[in-house]
Amino acid sequence: MYKKNLENWLNSNVIDEADKKAVLSVKDNEELEDMFYKNLEFGTAGLRGIIGPGSNRMNIYTVGLATQAFSNVINSKDYTYAEKAIAIVYDVRHMSKEFAEMAARCFAANGIKVYLKKENGTTPFLSFLIRELKLAGGVMITASHNPKNYNGYKAYWEEGSQILEDLAGEIKEQVEKISFEEIKLIDLEEGFNKNIIQYLDGEIYKKYINDILNKKIEDENIDKNIKIVYSPLNGTGSIPVREVLEKRGFNNLFYVKEELDPDPDFKTTNYPNPENQKVFKLSEKLGREEASDILIATDPDCDRAAIEVRDKNGDYIFFNGNKIGALLVNYILERLNAKKKLKGNEVVVKSIVTGDLTKYICEKYGIELVEVLTGFKNIAEVANKLDKTNDKKYLFGFEESIGYCYTGSVRDKDAVNSSMMIAEMAAYYKKNGLTLLDVLEKLYEEHGYFFEKLNQVVLEGINGREKIKEIMSKFRNEKIEKIGDMNLVKMIDYLNSDTGLAKSDVLKFLFDDGSWFAVRPSGTEPKIKFYIYSRDMDKDKSKKKLLQIEKYIDERLN
């Protein structure tokens, strides 16, 4: 396969001579094979890959191919939207602007109007744009939190959420049918002159910011002198997050200056992912200098956020997505209930690999909790379906991978809104003499101590893919009766069982005490993930259970 793809590349009259030479200069056969052993795959997350020449890389040709395929699908449909048009937003990464312009030229050549953001922007802003302007869909050029040598292409549909399996399948089918020679393009200048490509005006951005500001729950009853450190990790969050926090009237905001401006090289970290506690290094330094209560960091496309909270000793404690999500659900339900604004028809959504503390919080307030497959598109799908009913209302959705979305004007993870809600929540509890650590401890005392660990095994290349399949097969056939004192009550195979959800390569092992673990291959990276959760009303017992499950998994891997 790789030799055929390589031959097509070198013989194509569309591929630039410089890009052919770049391929010919590669002397490492293994690297060459990795560049061409397949076509960069189009899935529900669109495209994501290393930037460079080759059929298995992110470059203007693979972006052009994906866009031509997406255009073909758009032009084959009848719609309910007002305008056959697409919005394109791009992040701060290398080649993001070039890929965005390539996509714009291709959509325009296919008769699809393009609204292009002139400067870099966030993923949630794209989602808002699609819904607000009633467009056919959108494209976000981003590799989210991947290392600096990656980029990606996320496709969105008219509801403002990422495409689901059916549409991804249609686009993938088109990608496989067409060649680089079939990509239709017009010059960017011609597109602007014909008004089929136009830059977005500033008014729509103001609407987005105001929409976020209007989502506040408490304003008078919060301590606006709370000290907050914020870092966008050199990504797109810098302008909108600061603007929202400042407009809310928070007086003690401190920004990590080394990470404030856009930088495609992310010089302060190899991996700009707020899930990784190491990215808080400079935030912690600034936090200690200013005695800040809370540190907030967002990822490069500003759809995900994590925090650290100052303890009584002045140390910073990292909060992952499960803790932040549970705290936000608890805060939102508690405050809406206190204000008599909780109707009881609200719905909270989480993924199947997200922790269960939220389940107990929702039960307390009589609120329905819906579980979906991993991927925020599945959370958005629930919100989209609820739009069509009058009896239930989407309130909040989140995943353990630090993505949250409060109410429905954006149909993807929104770290701009989340940063504001986290700041408001921390300020509310501070006014009431509590830190977020105190609130979390109270939740544990009430519902049980939840401990968790995410173990990831990276397995790259062709051999890695086979090894991941072997591991999944091993756990699928594993006969577990008990681990320690935990009795297995159920094993759910989301690929081969009827779960009421779409088929997905995930295994979940549930125990009688509320502990569980799940196994799944990553959808975007060459790794297999093990989600381990323990629960017990006794803190030490819960910790011990976590270690027992982890040991059990490690023994099977080794």
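The sequence shown maps to residues 1 to 558 in UniProt numbering. Yeah, the Cβ is synthetic: ideal placement off N, Cα and C, and Gly gets one too.
Item: Three-way DSSP call (helix, strand, coil) for Val353 in this model; Value: coil
Item: Per-residue burial, Leu327 [other beta carbons within 10 Å of its own, 16 or more giving buried]; Value: buried
Item: DSSP-derived helix/strand/coil call for Glu478; Value: coil
Item: Pair within 8 Å by beta-carbon distance, Pro124 and Asp299; Value: no
Item: Straight-line gap, Lys154 to Thr142 (C-alpha atoms, nearest Å); Value: 7 Å
Item: 6 Å Cβ shell around Met58 - same chain, five flanking residues per side excluded; Value: Gly49, Ile51, Asn151
Item: Rounded distance between the beta-carbons of Phe509 and Leu495, thought under 8 Å; Value: Wrong, their Cβ atoms sit about 14 Å apart, outside the cutoff.
Item: Range of the contiguous beta strand (DSSP E) that encloses Pro521; Value: 516-521
Item: Cross-strand partners of Asp493 (DSSP beta bridge); Value: Leu507
Item: Spatial neighbours of Lys359 in its chain, beta-carbon cut-off 6 Å, leaving aside the 5 residues before and after; Value: Leu369
Item: Proximity to Val73 [Cα-Cα], best of Val279, Ala136, Lys529; Value: Ala136
Item: Ser409 (DSSP reduced to helix, strand or coil); Value: coil
Item: Helix, strand or coil at Ala85 [DSSP, three-state]; Value: strand
Item: For Met58, three-class secondary structure by DSSP; Value: strand
Item: First through last residue of the beta strand (DSSP E) which encompasses Tyr230; Value: 227-231
Item: Any 3 or more C-beta pairs closer than 8 Å across the segment 338-357 and the segment 370-381; Value: yes
Item: Whole-Å CB distance - Ile130 paired with Gly160, under 8 Å assumed; Value: 4 Å
Item: Exposure of Arg465, with buried meaning 16 or more beta-carbon neighbours within 10 Å; Value: exposed
Item: Paired residues, beta bridge with Leu454 - DSSP; Value: Tyr531
Item: Reduced DSSP secondary structure (H/G/I, E/B, other) of Leu47; Value: strand
Item: Inter-residue spacing [alpha-carbon to alpha-carbon] between Tyr2 and Glu182; Value: 21 Å
Item: Candidates Lys529, Ile296, Phe475, Glu371, of which the one nearest Asp493 by Cα; Value: Phe475
Item: Cutoff 6 Å; reference Thr269; Cβ partners in own chain excluding five residues on either side; Value: Val279
Item: Residue of Gly461, Phe250, Leu10, Gly235 minimising C-alpha distance to Asn146; Value: Gly235
Item: Residue-chain proximity (Lys508, chain D), Cβ-Cβ < 8 Å; Value: No chain D is present in this structure, which holds just one protein chain.
Item: Buried versus exposed call for Gly355 [16 or more other C-beta atoms within 10 Å across all chains shown]; Value: buried
Item: Proximity winner among Ser497, Asn455, Asn390, relative to Lys527 (alpha-carbon distances); Value: Asn455
Item: Beta carbon of Val416 nearer than 8 Å to that of Val241; Value: yes
Item: First and last residue of the uninterrupted alpha helix (DSSP H) at Val416; Value: 415-431
Item: Reduced DSSP category for Phe398 - H, G, I as helix; E, B as strand; rest coil; Value: strand
Item: Sequence-distant residues of the same chain with beta carbon closer than 7 Å to Phe70, five excluded per side; Value: Ala155, Ile171
Item: The segment 111-123 in contact with the segment 14-33 per 3-pair CB rule at 8 Å; Value: no
Item: Reference Glu275, options Asp223, Leu333, Lys323, closest by Cα; Value: Lys323
Item: Three-state class that DSSP yields for Leu40 in the structure shown; Value: coil
Item: Spatially closest choice to Val458 from Lys442, Thr62, Lys364, Ile471, by CA coordinates; Value: Ile471
Item: Simplified DSSP state of Gly138, which is helix, strand or coil; Value: strand
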